[in-house]
Amino acid sequence: MNSVIDTLPEEFRSIIISLLAERDPELLAALRAQEKPTMDQQESVIDVLADAFSEHLGPGQEPTSQGVLIDNALGAFLTKWPAEVILEE
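Residues 1 to 89 (my numbering) are what the sequence shown spells out, left to right.
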């Protein structure tokens, strides 16, 4: 079985794991044990990554390099797990 975390692109997996471990370890544990996230879990991942992104804005509200990485990680997560895929039975 490939978990939700296992299916994420390798280049973004570590930042997502790191942020979830720090901010929502229960969500991380669930995503490591499931093949597909729920809609609530998808929303929680979005919230965690969006909050982290907002903490990494520099002058002129431009993202820092860490902010860009977080934004790209969120994009990768949503590309892999869009609502349409999550809602499929």
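All residues carry an ideal CB built from backbone N, CA and C; glycine is no exception. Computed from a prediction, not measured in an experiment: that's the story for all the values here.
**Prompt:** DSSP state of P63, grouped into three classes?
**Reply:** Counting from one through the sequence shown, the residue named residue 63 turns up at place 63. Here P63 sits in strand by DSSP.
**Prompt:** Could you give the distance in angstroms between the alpha-carbon of A76 and the alpha-carbon of G58?
**Reply:** One-based indexing of the sequence shown puts residue 76 at position 76. One-based indexing of the sequence shown puts residue 58 at position 58. Roughly 23 Å between the two C-alpha positions.
**Message:** By alpha-carbon positions, which one of V4, G60, E10 and M39 ends up nearest to N69?
**Reply:** As a working mapping, residue 69 is identified with position 69 in the sequence shown. A small correction: the amino acid at residue 69 is Leu; Asn does not occupy that position in the sequence shown. Cα-wise, what sits closest to L69 is E10.
**Prompt:** Ends of the alpha helix (DSSP H) at L87?
**Reply:** Sequence index remark: in the sequence shown, residue 87 carries index 87 (1-based). For L87, the enclosing alpha helix (DSSP H) has its first and last residue at A83 to L87.
**Item:** E84 to G60 span [Cα, whole Å]
**Value:** Residue numbering aside, residue 84 sits at position 84 when the sequence shown is read from its first letter. Residue numbering aside, residue 60 sits at position 60 when the sequence shown is read from its first letter. Rounded to whole angstroms, the gap between the alpha carbons of E84 and G60 is 35 Å.
**Proximity below 9 Å, CB of L31 to CB of V48** = Within the sequence shown, the letter at position 31 stands for residue 31. Within the sequence shown, the letter at position 48 stands for residue 48. No, the Cβ-Cβ distance between L31 and V48 is not below 9 Å.
**Prompt:** Nearest CA to the CA of D24: which residue from T7, Q42, G67 and Q66?
**Reply:** Counting from 1 along the sequence shown, the entry for residue 24 is found at position 24. Comparing Cα positions, the closest option is Q42.
**Request:** Any chance you could list the alpha helix (DSSP H) runs of at least 4 consecutive residues sitting entirely within the region 21–73, in chain order?
**Result:** 25–33 and 39–54
**Asked** What did DSSP end up calling I16 once you bin it into helix, strand or coil?
**Response** In the sequence shown, counting from the first residue as 1, residue 16 sits at position 16. DSSP places I16 in helix when its eight states are reduced to three.
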